[in-house]
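Novice: This is the structure I have questions about; it appears just below.
In the working numbering, the protein residues as written are 177 to 441.
Structure, rendered in structure tokens:
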């Protein structure tokens, strides 16, 4: 019980410092720390990701920056695809599932490192005209077929990866919302967190209903993650920044390399 609790505390602290995207380290930490398989670790990791995303989504709703209609469309699509990912995860060899997760983690690491390096006084490059634009008077999206298609596709990918790898899909949703919509970064992140919270909840419920959730590990891990998130919030304002993002990217790359080596042994 103490090992899952300690792992949960570490994940909660990472989540508080780096945002919901840091939850991608939950699964490899569970695999290395408790010696369970990827298919078992995925739903437990979703608990941590879902809790962090839920907290962020509630704060975003209070601030009025969550586009809840778009979030519901994407989340419903993701909920439909998440069980397919869970089904696939139980049928893929654990070694290849670990390798796939490691390459996903490497992608997140390089993307995070690149974003951290680009932060600075230089003016950002102009964005192309997105397919989802808001009405100037109401602030709501003007719904078109290309807009709906882009959001449904994004939700499908996020839901499938959520079930397959136990990740919330924030590394999919935030870039997708930036590419396909005219939302500001704050609104894109908050809307993404609402999507992640709903998809993660669906994945956890589906796994629990099928008997695939190890409660003896999941409960102390979830309690530790919640405590770590709450305790780490006071540090996040002082430690956040490009250097912290680079450090997260470095740790993620090392963990991914370790997963590949372990899988191929």
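Just so you know, even glycine gets a beta-carbon here, dropped at the ideal spot from N, CA and C.
#1: Per DSSP, residue 210 is paired with what?
#2: Quick check on DSSP: helix, strand or coil for residue 357?
#3: Smallest Cα separation from residue 269: which of 221, 280, 214 and 260?
#4: Roughly how far, in whole angstroms, is the beta-carbon of residue 193 from the beta-carbon of residue 428, given that I think they are within contact range, below 8 Å?
#5: If residue 327 and residue 250 are in contact, beta carbons under 8 Å, what's the gap, nearest whole angstrom?
#6: Can you tell me the Cα-Cα spacing of residue 333 and residue 379, whole angstroms?
#7: Could you give the uninterrupted runs of the alpha helix (DSSP H) lying entirely in the region 236-290, keeping only those of 4 residues or more?
#8: Rounded to whole angstroms, what's the CA-CA distance from residue 318 to residue 312? Just pull it up for me.
#9: Quick one: what's got a C-beta closer than 8 Å to residue 370's C-beta in the same chain, skipping five residues either side?
#10: So, helix, strand or coil for residue 310, using DSSP?
#11: DSSP beta-bridge partners for residue 317?
#12: Can you tell me which of 185, 292 and 306 puts its alpha carbon nearest to the alpha carbon of residue 221?
#13: When you compare the CB positions of residue 344 and residue 386, do they come within less than 7 Å of one another, or not?
#14: Taking only three categories from DSSP, how would you classify residue 177?
Specialist: Put simply:
#1: Per DSSP, none; premise fails for residue 210.
#2: strand
#3: 214
#4: With a Cβ gap of about 13 Å, residue 193 and residue 428 do not count as contacting.
#5: 5 Å
#6: 14 Å
#7: 244-265
#8: 10 Å
#9: 229, 233, 236, 237, 242, 244, 247 and 251
#10: strand
#11: 310
#12: 185
#13: no
#14: coil
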